[in-house]
Amino acid sequence: PQYILFNNLGWINTFYPLIVPKFLATDAFFIFLMVQFIRVLPRELDEAARIDGCSHWGIFWRVVMPLSMPALATTAIFTFIWTWNDFYSQLIFLTDPDLATVPLALRLFLDSEGETSWGPLFAMSVVALGPIFGFFLAGQRYLVRGIATTGIK
Numbered sequence: 008p009q010y011i012l013f014n015n016l017g018w019i020n021t022f023y024p025l026i027v028p029k030f031l032a033t034d035a036f037f038i039f040l041m042v043q044f045i046r047v048l049p050r051e052l053d054e055a056a057r058i059d060g061c062s063h064w065g066i067f068w069r070v071v072m073p074l075s076m077p078a079l080a081t082t083a084i085f086t087f088i089w090t091w092n093d094f095y096s097q098l099i100f101l102t103d104p105d106l107a108t109v110p111l112a113l114r115l116f117l118d119s120e121g122e123t124s125w126g127p128l129f130a131m132s133v134v135a136l137g138p139i140f141g142f143f144l145a146g147q148r149y150l151v152r153g154i155a156t157t158g159i160k
């Protein structure tokens, strides 16, 4: 179904099928993570904001969203890592070799005849870990806080 939809939209051989679904929160794990995180927020904060005159949207944007930053950061980090390492979606939606992403480019180093260039393959594998490692280091404190406080009452 996704291939037919993206083909009708003209998104085959573009990065849109890899990026747009991730921004629309299509992974059930992240929805569960956010619901569990928001459930443990104290109800008194909502009531205090309501007494101060906030609307439902005001409570959401001024109270719930700032308190949900660790869970949102955790979601962003996991989404980036899973999208970066996703092989099959990239293989299905990107047929032009010039658009090959890192996992697809790593696969191009493997030769079907057994003549694999192991040195460049390992070097590219190490370089491919750079953005993931940097993104993780930048958001590590949010990731730990988001995982540690999700589901705790």
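Residue numbers (our numbering): 8 to 160. We put the CB at the ideal spot given by N, CA and C, even for glycine. Source: prediction; values computed, not measured.
Looking at residue 143: is its Cβ nearer than 8 Å to the Cβ of residue 66? What you label residue 143 is simply residue 136 of the sequence shown in a count that begins at 1. What you label residue 66 is simply residue 59 of the sequence shown in a count that begins at 1. Not closer than 8 Å, so no.
To the nearest angstrom, how far is it from the Cα of residue 8 to the Cα of residue 60? Within the sequence shown, residue 8 is the residue found at index 1, counting from 1. Within the sequence shown, residue 60 is the residue found at index 53, counting from 1. Looking at the two C-alpha atoms, the distance is approximately 45 Å.
If you pair each beta-carbon of the segment 84-96 with each one of the segment 19-37, do three or more pairs fall below 8 Å? yes
Assigned secondary structure, residue 22 (DSSP; H/G/I helix, E/B strand, else coil): Taking the sequence shown and counting its residues from 1, one reaches residue 22 at position 15. Coil at residue 22, not helix or strand.
From the DSSP output, in three-state form, read off residue 122 for me. Indexing the sequence shown from 1 puts residue 122 at position 115. Correct three-state label for residue 122: coil.
For residue 138, the nearest candidate out of 90, 50 and 26 (CA to CA): Counting from 1 along the sequence shown, the entry for residue 138 is found at position 131. The option with the nearest alpha carbon to residue 138 is 90.
With residue 96 as the anchor, note down where its alpha helix (DSSP H) starts and where it stops. Here residue 96 refers to the residue found at position 89 of the sequence shown. That run of the alpha helix (DSSP H) goes 95-100.
Between residue 96 and residue 16, which are expected to be in contact by the criterion C-beta below 8 Å, what is the C-beta distance as a whole number of angstroms? Indexing the sequence shown from 1 puts residue 96 at position 89. Indexing the sequence shown from 1 puts residue 16 at position 9. Their Cβ separation, rounded to whole angstroms, is 15 Å, which puts residue 96 and residue 16 out of contact at 8 Å.
Rounded to whole angstroms, how far is the Cβ of residue 94 from the Cβ of residue 104, which I believe are closer than 8 Å? Here the question's residue 94 lines up with position 87 in the sequence shown. Here the question's residue 104 lines up with position 97 in the sequence shown. About 15 Å separates the two Cβ atoms, so there is no contact after all.
Note down the Cα distance separating residue 127 from residue 13, rounded to an integer number of angstroms. Here residue 127 corresponds to residue number 120 of the sequence shown, with the count starting at 1. Here residue 13 corresponds to residue number 6 of the sequence shown, with the count starting at 1. Between residue 127 and residue 13, the C-alpha separation is close to 34 Å.
Under the three-state DSSP convention, the category residue 86 falls into: On the sequence shown, residue 86 is found 79 positions in, with the first residue counted as 1. Looking at residue 86 - three-state DSSP - the assignment turns out to be helix.
Kindly indicate which three-state DSSP category residue 116 falls into: helix, strand or coil? Counting from 1 along the sequence shown, the entry for residue 116 is found at position 109. In the structure shown, residue 116 sits in coil (DSSP, three-state: anything other than H, G, I, E or B).
Going by C-alpha distance, which of 150, 145 and 113 is nearest residue 132? Here residue 132 refers to the residue found at position 125 of the sequence shown. Comparing Cα-Cα distances from residue 132 to each of 150, 145 and 113, the minimum goes to 113.
C-alpha distance - residue 145 paired with residue 76, whole-angstrom precision: Position 138 of the sequence shown, counted from the first residue, corresponds to residue 145. Position 69 of the sequence shown, counted from the first residue, corresponds to residue 76. Residue 145 and residue 76: Cα-Cα distance of roughly 14 Å.
Assigned secondary structure, residue 11 (DSSP; H/G/I helix, E/B strand, else coil): The sequence position of residue 11 within the sequence shown is 4, counting from 1. The answer is helix: DSSP assigns residue 11 an H, G or I state.
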